[in-house]
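Residue numbers (mature numbering (1 follows the signal peptide of the UniProt record, and there is no 0)): -22 to -1, 1 to 147.
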Amino acid sequence: MDHRKLLCLLLGLITLPAIASAANTLVDALGDANSTVFGAALNLTSTYAGLLVNGKFKGTILAPTDDAFAVYITSLGISPTSLMAQTVLIQQVLDLHFIPDVNVSLATVQDGAKFTTKNGENTIKVQKFSNGTVTFVSANSTATALYEYNIGGVDSGRACILHTKDFSS
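See the structure below:
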């Protein structure tokens, strides 16, 4: 196989999201996927603080990677420490990443599907490309799904975590 074909094959594999890994807890899923800043933000709000312990949320969580979260913080022009002190802002940001009562699967989600986030005002539209890549588009941002974790099993009705990158505002 020549080098160009091998490079194209490898690049194609990199762009496809891995589907439906199982994780025992939300903490496992966030840690495995380099979304520890998002996990720390959960602990700063009264709404989400218990989620890491009891994991009773049913629905989908769009959990940005640490790199995506850093891009967001930079776009605000504040330091991570300053952001973490603003619990009202953190609550608003987190509400945009939770889709209640719907387990979105990268394998089965349809192009053009729309979901309402926990804040009730933000609608996210799905773009699904022929190569399997899934993006979530809202009024202010676009995020590419990297892979998903199903907490408690695929059909448990519990949380499905979709790790995302490419935050833009």
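Cβ atoms here follow ideal geometry from the backbone N, Cα and C, with glycine treated the same way.
I need the DSSP call for Tyr50, collapsed to helix, strand or coil. Tyr50 falls in the helix class under three-state DSSP.
Please say whether Thr111 and Ile102 have beta carbons closer to each other than 8 Å? With contacts defined as CB atoms closer than 8 Å, Ile102 and Thr111 fail to qualify as a contacting pair.
Under the assumption that Gln69 contacts Thr38 (Cβ atoms under 8 Å), give the Cβ distance between them as a whole number of angstroms. Not confirmed; about 18 Å, so no contact.
Consult DSSP for Val80 and reduce its assignment to one of helix, strand or coil. Assigned with DSSP and collapsed to three states, Val80 falls in coil, not helix or strand.
Are the CB atoms of Asn12 and Thr52 nearer to each other than 8 Å? In this structure, the beta-carbon distance from Asn12 to Thr52 does not fall below 8 Å.
Put Leu67 into one of helix, strand or coil per three-state DSSP. Collapsing the DSSP output to three states places Leu67 in a helix.
If we ignore side chains and look at the alpha-carbon of each, how far apart do Val104 and Phe35 end up? Taking the straight line from one Cα to the other gives about 22 Å.
Looking at the structure shown, is Cys(-15) part of a helix, part of a strand, or coil, going by DSSP? Low confidence applies to Cys(-15): its pLDDT is 30, below 50, so where it sits in the model is not reliable enough to give any reading.
Short Cβ contact (8 Å threshold) for Leu8 with Ala46: No, the pair does not count as a contact, with Cβ atoms beyond the cut-off.
Rounded C-alpha distance that separates Ser83 from Val66: Our two residues, Ser83 and Val66, have alpha carbons roughly 30 Å apart in a direct line.
If you follow the alpha helix (DSSP H) that Val87 is in, where does it begin and where does it stop? Val87: not part of any alpha helix (DSSP H); DSSP gives it neither H nor E.
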